[in-house]
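Using the working numbering, the first residue of the sequence shown is number 420, and each one after it goes up by one.
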Amino acid sequence: MHYLAAALLALAIPAAAGIGQPIAQRFNADPSPHYFTTQAGGKFYLYATDDASNSGKYWDSTTWRLYTSSDMKTWQDAGIPLDVKVFKWARPDAKAWAPDAVQRNGRFYFYAPVGGDRIGVAVSNRPDGGFADARTTPLVDKARDANAGDEPIDPAVFIDRNGQAWLYFGTRVPKVVKLKADMTTLDGPILDVAITGLPAGDPKKVYGEAPFLHERNGTYYFTFSTGWPGQIVYATGGSPAGPFAYRGVVLDYLEISTNHQAILEHGGKSWLFYHDSLLPGGGSHRRSIAVAPLEYDEQGGIRQVPLAPK
Ligand code: FUB
420 MHYLAAALLA LAIPAAAGIG QPIAQRFNAD PSPHYFTTQA GGKFYLYATD DASNSGKYWD
480 STTWRLYTSS DMKTWQDAGI PLDVKVFKWA RPDAKAWAPD AVQRNGRFYF YAPVGGDRIG
540 VAVSNRPDGG FADARTTPLV DKARDANAGD EPIDPAVFID RNGQAWLYFG TRVPKVVKLK
600 ADMTTLDGPI LDVAITGLPA GDPKKVYGEA PFLHERNGTY YFTFSTGWPG QIVYATGGSP
660 AGPFAYRGVV LDYLEISTNH QAILEHGGKS WLFYHDSLLP GGGSHRRSIA VAPLEYDEQG
720 GIRQVPLAPK
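Shown next, in the form of structure tokens:
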């Protein structure tokens, strides 16, 4: 083929799904992807903050959004799995921010900030709706719980190989606390997560928000955003409790004020989910979710993921 024709053809072919294109033509952020198996079979479920229903000036949506996929390439908008009104204790102005979900004991647990000072947990027999408050009080409450930090938001739950569930959350200081087997009760004190080896003298290489833990070959990878704006970076350790030693950058700065990631490993493959401003009209409050393959080097280091082309 003539080189010019080849170049034109390459321009005409959109980037393949799965390498950083938005998963939906709707503004959404703070991805929480999972592979859940129900009686209908296995499927990918992705819970998100719904930027399409905010004011465009702040993250003031009060509903979360759900997408599903059977192949990780095409995603179906499954609507609103729940909103903040599920939590009767929510203040009238409470916002619905970065959620996470877990399948356990045949049930689905949904963790989310409800306002900037509390985390709620809801439960359902199905992943796509029917959620009810699993308690009648917040799971974490800044006013109630010692060491909950200034802003207990961005919950992320990790279940280790022994079945112990760990809840991570927080801005500026990362927090971790064990959950009881019921998944709805804190088990012990809220502790600060120790991160060692952050590059000294770089005021931008600090913990900001979006804590997330995953495990690979016995190593625990703690990823987080370094702030506003922030990079996604990672640190590793030998226990879900930490400490974690800084290793490097997973995703560079975006052109928007936040960065927020999740890593999904399924069927021997790994993906990084994040949000960016990839859709027309996008911006810091109008974000869109993208997914990219996540690769490791021979030493178990995460290879930096290139930003999606705009
Ligand atoms: O979506 C609202 C907030 O923006 C989230 O809680 C943060 O992680 C940031 O992405």
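Note that beta-carbon positions come from the ideal geometry of N, C-alpha and C, so glycine has one too.
These numbers come from a predicted model, not from an experiment.
For A520, the enclosing beta strand (DSSP E) has its first and last residue at D519 to R523. Considered as a whole, the stretch 450-514 harbours 460-468 and 483-488 as its complete beta strand (DSSP E) runs of no fewer than 3 residues, in chain order.
Not one heavy atom of the ligand FUB lies closer than 8 Å to the C-beta of P571. Annotated three-state conformation of S696 is coil, per DSSP. Distances from the CB of D695 to the heavy atoms of the ligand FUB are all 8 Å or more.
Residue pairing for I708: DSSP places it in a beta bridge opposite H694.
For H633, the uninterrupted beta strand (DSSP E) segment begins and ends at E628 to R635. Following the DSSP letters along the chain, one finds V652 inside the beta strand (DSSP E) bounded by residues I651 to G656. Taking a C-beta distance under 9 Å as the contact criterion, R554 and E570 do not qualify as a contact pair. In this model, L617 and V625 are separated by some 7 Å (Cα to Cα).
For the pair V612 and G661, the CB atoms are nearer than the 9 Å cut-off. Using a cutoff of 8 Å, the CB of A509 does not count as near the ligand FUB, since none of the ligand's heavy atoms is closer than that. In the same chain as E634, and ignoring 5 residues on each side of it, the C-beta atoms closer than 8 Å to its own belong to F577, D579, R580, Y640 and P659, in chain order.
The beta carbon of N678 sits closer than 8 Å to at least one heavy atom of the ligand FUB. Residue state for F529 is assigned as strand, using DSSP reduced to three classes.
For the pair A565 and Y715, the Cα-to-Cα distance works out to about 37 Å. Straight across, the Cα-Cα distance linking V542 with G686 is about 26 Å. Shown here, I675 sits in coil according to DSSP, grouped into three states, outside any helix or strand.
In the structure shown, E684 falls within a strand segment according to DSSP collapsed to helix, strand and coil.
Nearest in C-alpha terms to D621, of all of A551, Q650 and Q522, is Q650. For a cut-off of 8 Å, the C-beta gap from P518 to Y466 is around 5 Å, short enough to register as a contact. Using a Cβ distance threshold of 9 Å, S644 and T677 count as a contacting pair. Pairing P452 with F463 gives a Cβ-Cβ distance under 9 Å. When the alpha-carbon of G627 is set against those of Q718, K594 and L598, the nearest one is in K594. Residue burial annotation: T642 is buried, with at least 16 other C-beta atoms found within 10 angstroms of its C-beta.
Of the candidates F631, N447, V652 and A584, A584 places its Cα closest to the Cα of Q522. With contacts defined by Cβ atoms closer than 9 Å, H704 and G475 form a contacting pair. DSSP places A575 in the uninterrupted beta strand (DSSP E) bounded by A575 to I578. By the neighbour-count criterion, in which a residue is buried when 16 or more other Cβ atoms sit within 10 angstroms of its Cβ, K599 is exposed.
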